[in-house]
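J.:
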Amino acid sequence: MKIPEVRKNINGMSGYVPGEQPKGLSRIIKLNTNENPYPPSPEAKKALENFDWQRLNRYPDPVGQALREEIAAYHGVSPDMIICANGSDDILTIVSRCFIDPDHALACPDPTYSLYVSLASLQDAPCIRIPLLDGFELPDDFEEQAKGASIIMLARPNAPTGNLYPMERMERLCENFDGAVFIDEAYADFSENNCAEFVKKYPNVIISRTFSKSRSLAGLRFGYAIAQPELIAQLMKAKDSYNISMLTQAVALAVFRDHDYLAKTVQAVKDSREALAKGLQEAGFKTVPSETNFVFAMPPDGDGERFFRFLRTKNIIVRYFPGAVTGKYVRITVGLPEEMDALFDAVKEYLA
Ligand SMILES: Cc1ncc(COP(=O)(O)O)c(C=O)c1O
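In the working numbering, the protein residues as written are 1454 to 1805.
#1: From the DSSP output, in three-state form, read off Pro1682 for me.
#2: Among Ala1560, Ala1799 and Ala1578, which one has its Cα closest to the Cα of Ala1599?
#3: Listed by chain order, which residues have C-beta atoms less than 6 Å from any heavy atom of ligand 1?
#4: Note down, one range per segment and in chain order, each alpha helix (DSSP H) of at least 4 residues found wholly within the region 1454-1521.
#5: Can you grab the Cα-Cα spacing for the pair Ile1679 / Pro1752, in whole Å?
#6: Can you tell me whether Glu1744 is buried or exposed? The criterion is at least 16 other CB atoms within 10 Å of its CB, across all chains shown.
#7: Using the rule of at least 16 other Cβ atoms within 10 Å of the residue's Cβ for burial, across every protein chain shown, is Met1606 buried or exposed?
#8: Quick one: complete beta strand (DSSP E) runs, 3+ long, within the region 1704-1782?
#9: Helix, strand or coil: which one does DSSP assign to Gly1676?
#10: Over the uninterrupted alpha helix (DSSP H) stretch that includes Cys1551, give me the two end residues.
#11: Say whether the region 1561-1569 touches the region 1772-1784, bearing in mind that this needs 3 or more beta-carbon pairs closer than 8 Å, one atom from each stretch.
#12: Taking 8 Å as the limit between beta carbons, can you name the residues of its chain near Arg1460, skipping five residues before and five after?
#13: Quick one: is the Cβ of Pro1790 within less than 6 Å of any heavy atom of ligand 2?
#14: State the beta-bridge partners of Pro1584 as determined by DSSP.
#15: Give me the Cα-Cα distance between Ile1770 and Asp1798, rounded to the nearest whole angstrom.
#16: Work out the CA separation of Ser1667 and Gly1517 for me, nearest whole Å.
#17: Using 7 Å as the threshold, is the C-beta distance between Ile1659 and Cys1648 below it?
#18: Excluding the 5 residues flanking Glu1645 on each side, which residues of the same chain have their C-beta closer than 8 Å to its C-beta?
#19: Quick check: what's the CA-CA separation for Gly1472 versus Ser1571?
#20: Tell me which residues share the same chain as Ser1698 and place their Cβ nearer than 7 Å to its Cβ, disregarding the 5 neighbours each side in the sequence.
#21: Is it true that the CB of Ala1633 sits closer than 7 Å to the CB of Ile1604?
#22: Quick check: the Cα distance between Ser1694 and Pro1515, rounded to an integer number of angstroms?
#23: Only counting the same chain, and skipping five residues up and downstream in sequence, which positions put a Cβ closer than 8 Å to that of Asn1464?
#24: Going by beta-carbon coordinates alone, are Arg1674 and Gly1540 separated by less than 7 Å?
#25: Any idea which residues DSSP pairs Cys1537 with across the strands?
#26: How about Arg1480 and Asn1768: are their beta carbons less than 7 Å apart?
#27: Quick check on the DSSP output: what are the complete beta strand (DSSP E) runs of length 3 or more inside the region 1628-1675, in order along the chain?
#28: In whole angstroms, give me the CA-to-CA distance for Arg1726 and Pro1562.
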């Protein structure tokens, strides 16, 4: 018997490649997947200690109602405007199941979070990739170029570039586009503004958030989306029945309530981000203004790959994205102050 054939589009695609998670972390400075360098709120520890392990024989609440209510109150919307998921990647999968197929295209900027393109391949859907302008801004005719697509997926702030498209531009896009607009706000807590309020005005908008970045819970897997109730009801049909474990629900709820810890750690990351960008600029790097927990930086020789490889020899891992434009840069996640010191020692050596 031979291995059965999978669908043609699956066979033909290479599959999304997540950032490397190296073993032996103690020797390595890991600045490649935009995790938070700080631990999660101590409320996570309490929630784990208080968790009754014997309850694990039962299925979890399929929709995470307690979380929906808490998150809804935070955003000033009703709980039926929230869907919870196993990280925001799960939200993206749910949304792509609902909107894209061979006759319904996805449109997204280029460069952006590369999972969007992989999701289109999984759905065997066409993907319209719209190049960003210099400075990684949206072109004026973005909606025009996206015409015919069922959904636009974009990240704001964008990844891997870190910049924030202007609010008025986003508003215009949501008004003009005749389809769904998915705004991936994975990094919104680090940015000066966000589009969460759009869901109250625009029935075509879906906003997603994650606990993986600002809330230091990448390992737990929790994310959510906000949209109008009719749209959330549709998305609910496309999720796995129990997509958030009981443990995840308990920890995510406890951490979400700790607003002070969020504010404190976000500020620390933002301060380090500014110091990182400034230090790199002083060393002759070109940096993209960042509203995230990472900096997209071009070394003075314009050779992202060479710099990436050099850093590896120093046990520092950043992210390199091959490509005519992205290949000139590396993406550096904000780390602990001592990790940033080690990075700057390596930068000095590279330039010497
Ligand atoms: C733009 C963007 N969206 C979503 C994600 C995935 O987040 P999560 O851990 O919630 O699946 C990432 C992760 O790096 C990201 O950069």
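Note that CB positions come from ideal geometry on N, CA and C, so glycine has one too.
Predicted, not measured: the structure shown is a model, and the values here were computed from it.
T.: According to the structure data:
#1: The answer is helix: DSSP assigns Pro1682 an H, G or I state.
#2: Comparing Cα-Cα distances from Ala1599 to each of Ala1560, Ala1799 and Ala1578, the minimum goes to Ala1560.
#3: Put simply, the residues with a CB less than 6 Å from any heavy atom of ligand 1 are Asn1487, Gly1540, Ser1541, Asp1542, Tyr1566, Ala1608, Ala1612, Asp1637, Ala1639, Thr1663, Ser1665, Ala1671 and Gly1676, in chain order.
#4: 1461-1465 and 1495-1503, all fully within the region 1454-1521.
#5: Between Ile1679 and Pro1752, the alpha-carbon positions lie close to 38 Å from each other.
#6: The residue in question, Glu1744, is buried, as its Cβ has 16 or more Cβ neighbours within 10 Å.
#7: Per the 10 Å Cβ criterion, buried.
#8: Whole beta strand (DSSP E) segments, 3+ residues: 1747-1751.
#9: Looking at Gly1676 - three-state DSSP - the assignment turns out to be strand.
#10: First-last of the alpha helix (DSSP H) with Cys1551: Ser1541 to Phe1552.
#11: As far as the Cβ criterion goes, the region 1561-1569 touches the region 1772-1784, which means the pair count is three or higher.
#12: Asp1577.
#13: Because ligand 2 does not appear in the structure shown, any question about it cannot be addressed here, the ligands present being ligand 1.
#14: Asp1563.
#15: Distance between the alpha carbons of Ile1770 and Asp1798: 14 Å.
#16: Going by the C-alpha atoms only, they are around 21 Å apart.
#17: No, these two residues do not count as a Cβ contact at 7 Å.
#18: Within the same chain, Cβ atoms closer than 8 Å to the Cβ of Glu1645 are found at Leu1617 and Glu1744, the five residues on either side in sequence being excluded.
#19: Cα to Cα, the separation comes out at about 15 Å.
#20: Excluding five sequence positions before and after Ser1698, the CB atoms of its chain that fall closer than 7 Å to its own CB belong to Pro1513, given in chain order.
#21: Yes, Cβ-Cβ distance for Ile1604 and Ala1633 is below 7 Å.
#22: Going by the C-alpha atoms only, they are around 6 Å apart.
#23: So the list reads Glu1458, once near-sequence residues are dropped.
#24: The beta carbons of Arg1674 and Gly1540 sit closer together than 7 Å.
#25: Paired residues: Tyr1677.
#26: Result yes, Cβ atoms of Arg1480 and Asn1768 sit closer than 7 Å.
#27: Correct list: 1633-1637 and 1658-1663.
#28: If you take the alpha carbons of Arg1726 and Pro1562, they lie about 24 Å apart.
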